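Position 66, counted from 1, in the sequence shown is what our numbering calls 608; the numbers after and before it change by one each time, with no gaps. These notes concern the structure reproduced below.
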Amino acid sequence: MWQRFNSPDESSKVHIASYWMTQENLNVAGVCEELWAGKAHLPRFLETEGLSRLSAYSLSIQDGKRDRIMKEDLWDHAWEFHFREDAPEYWRNLDPYWTGAEDAPMHRYFHPDGSQTADSSDQVWGGHESCYSIITSFLADGTIREHYVRINRWPQLHISRREDWGWEMSNRLYCYSSVPDAHMKGGTGPCLPIL
């Protein structure tokens, strides 16, 4: 079936679109599985009804490059916590990361009410009240000027992504690293892609 097009550009767009539709029906599922293998986190929106595998693939790549952390990213993961070398020696001496103890690493948990907690066995925690906020400021053209997480009045945490799509938050005193949970049913993070 031949169609008449007003320009060669229109013809190529239709040809490319039909090519991708064919490819989608062939082996995009295998390509998606390969992309997701070994990732720390898989996005929640992959469970969206009617989302094609090709869209899931493209959106997954975009989400894996996203460096703007959202509240759902904080809530959905357990976070390993350790002090950095610049932290006072007293705190490092309580930290299994520095003492070489066989204990599991310290963990922190962010909650929807803005609070943060730790494991009950955590020697550093002490049961004090802790709250967090995500700070994002924009320039007039809509680009992000600053984006960080602050816990109580401690220095701001700079945010980055790992190659495995995990999250890192750190400052000169301590570091948070999201615990891999790609096995979590339903995925993690925001319900809609944040681009």
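Note that CB positions come from ideal geometry on N, CA and C, so glycine has one too. Computed from a predicted model, the values in this text were never measured in an experiment.
Worksheet item: Skipping 5 residues on each side, what residues in its chain have a beta carbon closer than 7 Å to that of valine 570?
Response: Arg595, Leu596, Tyr599
Discussion item. So, with DSSP's three-state summary, where would you put asparagine 567?
Written reply: Note that asparagine 567 scores 47 on pLDDT, short of 50, meaning its location in the model is unreliable and no value can be drawn from it.
Fill in: Helix, strand or coil at leucine 601 [DSSP, three-state]
helix
Practice prompt. Would you mind working out which of Leu584, Gln665, Trp707 sits nearest arginine 634, comparing C-alpha positions?
Written response: Gln665
Practice prompt. Please work out which residues of its chain come closer than 6 Å, Cβ to Cβ, to glutamine 698, disregarding the five sequence neighbours upstream and downstream, and give them in chain order.
Written response: Tyr690, Arg692
Practice prompt. Provide the residue span of the alpha helix (DSSP H) that contains threonine 641, from first to last.
Written response: 638-641
Worksheet item: Is the Cβ-Cβ distance between glycine 729 and glutamate 589 less than 7 Å?
Response: yes
Discussion item. At the level of alpha carbons, what is the spacing between glycine 592 and phenylalanine 625?
Written reply: 44 Å
Worksheet item: How far does the beta strand (DSSP E) with arginine 650 in it reach, from first residue to last?
Response: 648-652
Discussion item. In the DSSP output, what is cysteine 717 paired with across the bridge?
Written reply: His624, Ser712
Worksheet item: Should histidine 619 be labelled buried (16 or more other beta-carbon atoms within 10 Å of its own) or exposed?
Response: buried
Discussion item. Using only CA atoms, which one of Gly642, Ser663, Asp655 lies nearest to histidine 649?
Written reply: Ser663
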